[in-house]
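For reference, the structure is listed below as structure tokens.
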Amino acid sequence: MADSQTLALSDTRSATAAQVIQAIAGESARLRADQETAVAALCEPRARVLVVQATGWGKSAVYWAATAIRRSEGAGPTLVVSPLLSLMRDQVGAAARAGLRAATLNSSNFDAWDGIEADLRSGAIDVLLVSPERLANPGFGRRVLDGLAGQIGLLVIDEAHAVSDWGHDFRPDYRRVSDVLQKLNPDTPVLATTATANARVTEDVAHQLGESTLVLRGPLARSSLQLAVVNALSPLDRFAWVVDHLPKLPGSGIVYTLTVSDAQRLAAAVQEVHGPSLPVAAYTGGLEVAEREQLEDALRDNRLKALIATSALGMGYDKPDLGFVVHVGSPPSPVSYYQQVGRAGRGIDHAIVALLPSDADAGVWDYFATATIPDPDQVSRLLSGLEAYTGDEPATVPALEAETGLRRGRVELMLKQLAVDGAVERVDKGWVRTSTPWSFDAAHYDGIISVRRREADIMRAYTRGESCLMQLLQESLDDPSAVPCGRCSVCLGLLPDPLTAAPDPETVKAITRLLRGETHVLEPRKMWPGGSFGAKGRIPPALSAEPGRSIVFADAPEWREVIRSVFGDSGGDPAQLEALKAGCVSAMSKWKNAWSRRPEVVVGLPAAGYRRLVTEVADYLAELGRMERADLTVDGGAFTDGMSSAEEAKVWRDGISIDAETAQAFAGRSVLLVVDASSSQWPITVAAAKVREAGAAAVLPLLIHRRP
Numbered sequence: 001m002a003d004s005q006t007l008a009l010s011d012t013r014s015a016t017a018a019q020v021i022q023a024i025a026g027e028s029a030r031l032r033a034d035q036e037t038a039v040a041a042l043c044e045p046r047a048r049v050l051v052v053q054a055t056g057w058g059k060s061a062v063y064w065a066a067t068a069i070r071r072s073e074g075a076g077p078t079l080v081v082s083p084l085l086s087l088m089r090d091q092v093g094a095a096a097r098a099g100l101r102a103a104t105l106n107s108s109n110f111d112a113w114d115g116i117e118a119d120l121r122s123g124a125i126d127v128l129l130v131s132p133e134r135l136a137n138p139g140f141g142r143r144v145l146d147g148l149a150g151q152i153g154l155l156v157i158d159e160a161h162a163v164s165d166w167g168h169d170f171r172p173d174y175r176r177v178s179d180v181l182q183k184l185n186p187d188t189p190v191l192a193t194t195a196t197a198n199a200r201v202t203e204d205v206a207h208q209l210g211e212s213t214l215v216l217r218g219p220l221a222r223s224s225l226q227l228a229v230v231n232a233l234s235p236l237d238r239f240a241w242v243v244d245h246l247p248k249l250p251g252s253g254i255v256y257t258l259t260v261s262d263a264q265r266l267a268a269a270v271q272e273v274h275g276p277s278l279p280v281a282a283y284t285g286g287l288e289v290a291e292r293e294q295l296e297d298a299l300r301d302n303r304l305k306a307l308i309a310t311s312a313l314g315m316g317y318d319k320p321d322l323g324f325v326v327h328v329g330s331p332p333s334p335v336s337y338y339q340q341v342g343r344a345g346r347g348i349d350h351a352i353v354a355l356l357p358s359d360a361d362a363g364v365w366d367y368f369a370t371a372t373i374p375d376p377d378q379v380s381r382l383l384s385g386l387e388a389y390t391g392d393e394p395a396t397v398p399a400l401e402a403e404t405g406l407r408r409g410r411v412e413l414m415l416k417q418l419a420v421d422g423a424v425e426r427v428d429k430g431w432v433r434t435s436t437p438w439s440f441d442a443a444h445y446d447g448i449i450s451v452r453r454r455e456a457d458i459m460r461a462y463t464r465g466e467s468c469l470m471q472l473l474q475e476s477l478d479d480p481s482a483v484p485c486g487r488c489s490v491c492l493g494l495l496p497d498p499l500t501a502a503p504d505p506e507t508v509k510a511i512t513r514l515l516r517g518e519t520h521v522l523e524p525r526k527m528w529p530g531g532s533f534g535a536k537g538r539i540p541p542a543l544s545a546e547p548g549r550s551i552v553f554a555d556a557p558e559w560r561e562v563i564r565s566v567f568g569d570s571g572g573d574p575a576q577l578e579a580l581k582a583g584c585v586s587a588m589s590k591w592k593n594a595w596s597r598r599p600e601v602v603v604g605l606p607a608a609g610y611r612r613l614v615t616e617v618a619d620y621l622a623e624l625g626r627m628e629r630a631d632l633t634v635d636g637g638a639f640t641d642g643m644s645s646a647e648e649a650k651v652w653r654d655g656i657s658i659d660a661e662t663a664q665a666f667a668g669r670s671v672l673l674v675v676d677a678s679s680s681q682w683p684i685t686v687a688a689a690k691v692r693e694a695g696a697a698a699v700l701p702l703l704i705h706r707r708p
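Shown next as structure tokens:
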């Protein structure tokens, strides 16, 4: 790793760079010293440059200036690897302002690919932006990368911390950049940029680029941000706090949540209370690309007060006058938190950043600490499943899901990780096993988990206000210039205006009523799991449940105290049980218009082992709705947790039985299936099939708690 050094541009190159910078940032704009050093380095053969600078410093200006210079000297196009479509859209516009023609190949512009690829071959395109996932696509590699081999003038790896599995946002597909490096002309310069890399990540990325990598690292303090922690709020209080404070916050901004469901529920609460006078929208990774772009533009144009978003709105979104960032729940890492709050105050002198932590955040942190770590047993099962497939008939992800009993998302993640290690290969129609052996590097992954848990401890210190908030973030990124900022809630000893410590109690009540009145559709599983379960393929309609309803979705804050009570060891507070019963009745009332026929029999299923709770709710609904009661025979050993899909489904198939008298009660009738809790839905799926086999005309599942 080379030390930072001062390099200068020739007069001709300097004039070209100045023209680019002024076109982007105005006539008075000039390259900073480190920017000029980076651009000058990238004009030389075999350069490897890593830029670690604060958000808003102007990292993209480096590669626009370097591209303009290199293109003017006859070099090939620049290839930019970017993580998000929002970043690509912004960068295409920035390139145009710089006098460069940029294009992107992504899932939202498939119809334009042929034209873009033709322009790329003819030399009409100066910059091509692609996602790391696109690099892993065999068709893209064959059509585009092979054609560019030896011709790329500059390779840019944006948000380069994602290359390192020590980084807060490690993405296996980013490792495909190494494939591109191998196909490059050895003289091709490479630039990696990030705002969120501590010393360990910086060293790792620099090592991957090459031992001669020039690292340009600057101070990470953001003088425009006023950081604050609003503590002692329950999860529901946090929702109410946002509803109360959003109208008072400056300009427009982003409210981050830790989960998709929280983003959707909080947006609904704000919309219900404030209506069109305070326009907001939920923004998650599950939205279609066109809708995400529309929402990004609406916030950028100040047609929305806020986007209530998951981390899907993070890297790359550029709105210089963003006036605030609020986090409802603390991210698990100070590095990811710094990256997200960095969206605010880029082009204005003052922006408010508020964190609303809760003890409920710890469960999400624990999940993120291990979510990307491969499980050796699961990897072995996946590799065994791949053995039956060849290049002529490769394995698809759905086929591997059925073959192994592993959940689809887990299969997809492990395939990407194994591809990075060379143990599997993605081909045109699926995946195949290679001859490369795979072994679990326990020491390496134990180290990653240890780092992530230390980062969670830093976030706990942040929420407790143990030291200056900006200083703590800088120190977590190994910034040697970290000093107290003098303006955060710790330095001042109070919350800045217009923030207060608590929401209005009436707002809390209103939000509780609103959110408890929501209904959540429970879509039935469509496929049997295969594997040890045996049956695979589509579940026949004659054995399937109808779309059901769930009362409590994931960690819904409006139900938190109720769930703690009714699923507690003591059997629960009667008042909380009554609140849950009322929620069930409300859901049934809203659901009835979707029934194929009214339920005539109520049956309980203690999928999580809460027999008393299931019995009380089933008895109550049966009496209120004048329905008959019946019971399944459930083996006490059938309660499962953490099994594969196939194993869990098999246990439930073997653990549920229906006697002749109960089968007679089901014959030709619609059955309401009351279930206590489940995350996989296999107990519901298997029980519904058994009830249908016993003669029921329909099964309507009512799940009390759909666990994450």
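Per the UniProt record's numbering, residue 1 is the first one in the sequence shown, and the count goes up by one each step.
Heads up, the beta-carbon is just placed ideally off N, CA and C, and yes, glycines get one too.
Cut-off 8 Å between Cβ atoms - residues of its own chain near residue i, not counting five sequence neighbours on either side
i, result
"residue 677", "567, 607, 608, 610, 703, 704, 705, 706 and 707"
"residue 369", "332, 449, 452, 453 and 456"
"residue 462", "229, 330, 334, 337, 355, 469, 472 and 473"
"residue 32", "57 and 58"
"residue 593", "none"
"residue 408", "397, 398 and 401"
"residue 531", "402, 403, 404, 405, 644, 645, 646 and 647"
"residue 143", "117"
Alpha carbon of residue i to alpha carbon of residue j, nearest angstrom
i, j, result
"residue 645", "residue 529", "6 Å"
"residue 42", "residue 274", "51 Å"
"residue 101", "residue 347", "25 Å"
"residue 573", "residue 579", "10 Å"
"residue 501", "residue 11", "56 Å"
"residue 581", "residue 627", "16 Å"
"residue 237", "residue 503", "7 Å"
"residue 128", "residue 340", "26 Å"
"residue 621", "residue 667", "20 Å"
"residue 719", "residue 527", "Residue 719 lies beyond the range of the chain shown here (1 to 708); nothing can be said about it."
"residue 68", "residue 16", "7 Å"
"residue 294", "residue 80", "24 Å"
"residue 433", "residue 393", "12 Å"
"residue 382", "residue 551", "35 Å"
"residue 292", "residue 520", "23 Å"
Closest Cα partner of residue i within the set the options
i, options, result
"residue 257", "306, 458, 628 and 224", "306"
"residue 201", "165, 221, 260 and 233", "165"
"residue 259", "249, 312, 15 and 682", "312"
"residue 533", "28, 575, 682 and 561", "682"
"residue 96", "122, 198, 105 and 126", "126"
"residue 249", "325, 218, 591 and 478", "325"
"residue 675", "625, 650, 383 and 602", "602"
"residue 154", "146, 44, 169 and 219", "44"
"residue 196", "73, 343 and 623", "343"
Under 7 Å between C-beta atoms of residue i and residue j
i, j, result
"residue 224", "residue 349", "yes"
"residue 395", "residue 422", "no"
"residue 213", "residue 161", "no"
"residue 411", "residue 401", "yes"
"residue 656", "residue 687", "yes"
"residue 51", "residue 38", "yes"
"residue 136", "residue 23", "no"
"residue 184", "residue 152", "yes"
"residue 138", "residue 428", "yes"
Contacting residues, own chain, Cβ-Cβ under 6 Å from residue i (five flanking each side not counted)
i, result
"residue 302", "252"
"residue 357", "330 and 463"
"residue 364", "258"
"residue 653", "686"
"residue 420", "172 and 175"
Close Cβ partners of residue i (< 7 Å) along its chain, the five nearest in sequence each way excluded
i, result
"residue 538", "526 and 527"
"residue 490", "465, 467, 468 and 469"
"residue 72", "16"
"residue 272", "514"
Count the C-beta pairs between the segment 457 to 472 and the segment 205 to 217 that are closer than 8 Å, then say yes if the count reaches three, no if not.
no
So does the segment 49 to 68 actually touch the segment 280 to 292, counting three or more Cβ pairs closer than 8 Å?
no
Touching by the beta-carbon criterion (3+ pairs, under 8 Å), the segment 257 to 272 and the segment 513 to 522:
yes
Is it a yes or a no for the segment 490 to 501 touching the segment 237 to 252, going by three-plus beta-carbon pairs under 8 Å?
yes
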